[in-house]
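Undergrad: Here it is, the structure, as structure tokens.
Numbering (this note's numbering), first residue to last: 3 to 153.
In structure tokens, the structure reads:
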């Protein structure tokens, strides 16, 4: 079967744009929807698809990464040495403290975007946590392959 492309091109008509009134602004400003309230039930806050787990894990990872790098820079100890020298208990107590502190707003029914600014919005916080999770895994792998501290 032979197709005549020239005839198809001649028949093509570009779509027409809708007419706009000159008095109306070309761009309308969209207002973001109000933040959704979170169910204050503990099981709902920590459900897999709810805001609790990823935000809490992201915050803990950021704290862990910053403190790990601070000790590496000041003392020259790698992550495994820090954990074996008593750093594990610091991690446990800090994790408990920040987990409880993160759950308090959720237990009152306040959603993650209720008090956020333009730059520190809920999506930025989640993506920052994810980036630091990848960075912490990269730090562990690098220290393991190197056999010592990164710095």
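The C-beta atom is built at its ideal place from N, Cα and C for all residues, glycine as well.
1) Can you tell me whether residue 124 is helix, strand or coil according to DSSP?
2) Using the Cα positions of residue 61 and residue 100, report the straight-line distance between them to the nearest angstrom.
3) In the DSSP assignment, the alpha helix (DSSP H) including residue 68 goes from what residue to what residue?
4) Apart from the five residues just before and just after residue 131, which ones in its own chain have a Cβ nearer than 8 Å to its Cβ?
5) Can you confirm whether the segment 145–152 touches the segment 72–88 when touching is taken to mean that 3 or more C-beta pairs between the two stretches lie within less than 8 Å?
6) What do you reckon, are the CB atoms on residue 143 and residue 105 nearer than 9 Å?
7) In the structure shown, what three-state DSSP assignment does residue 81 receive?
8) Using a Cβ-Cβ cut-off of 8 Å (strictly less than) and excluding sequence neighbours within five positions of residue 67, which residues of its own chain qualify?
TA: Taking the coordinates as given:
1) Position 122 of the chain shown, counted from the start, is the residue given in the question as residue 124. Of the three classes helix, strand and coil, the one that applies to residue 124 here is helix, per DSSP.
2) The sequence position of residue 61 within the chain shown is 59, counting from 1. The sequence position of residue 100 within the chain shown is 98, counting from 1. Their Cα atoms are separated by approximately 8 Å.
3) Taking the first residue of the chain shown as 1, we reach residue 68 at position 66. Counting along the chain, the alpha helix (DSSP H) containing residue 68 begins and ends at 54–77.
4) Start at 1 with the first residue of the chain shown, and residue 131 comes out as number 129. Correct list, in chain order: 56, 57, 59, 60, 61, 63 and 64.
5) Pairwise C-beta distances place the segment 72–88 in contact with the segment 145–152, as three or more of them are shorter than 8 Å.
6) Here residue 143 refers to the residue found at position 141 when the chain shown is read from its first residue. Here residue 105 refers to the residue found at position 103 when the chain shown is read from its first residue. Result no, Cβ atoms of residue 143 and residue 105 do not sit closer than 9 Å.
7) Position 79 of the chain shown, counted from the first residue, corresponds to residue 81. Residue state, collapsed to three classes: helix.
8) Sequence index remark: in the chain shown, residue 67 carries index 65 (1-based). Only 134, 137, 138 and 141 meet the Cβ criterion.
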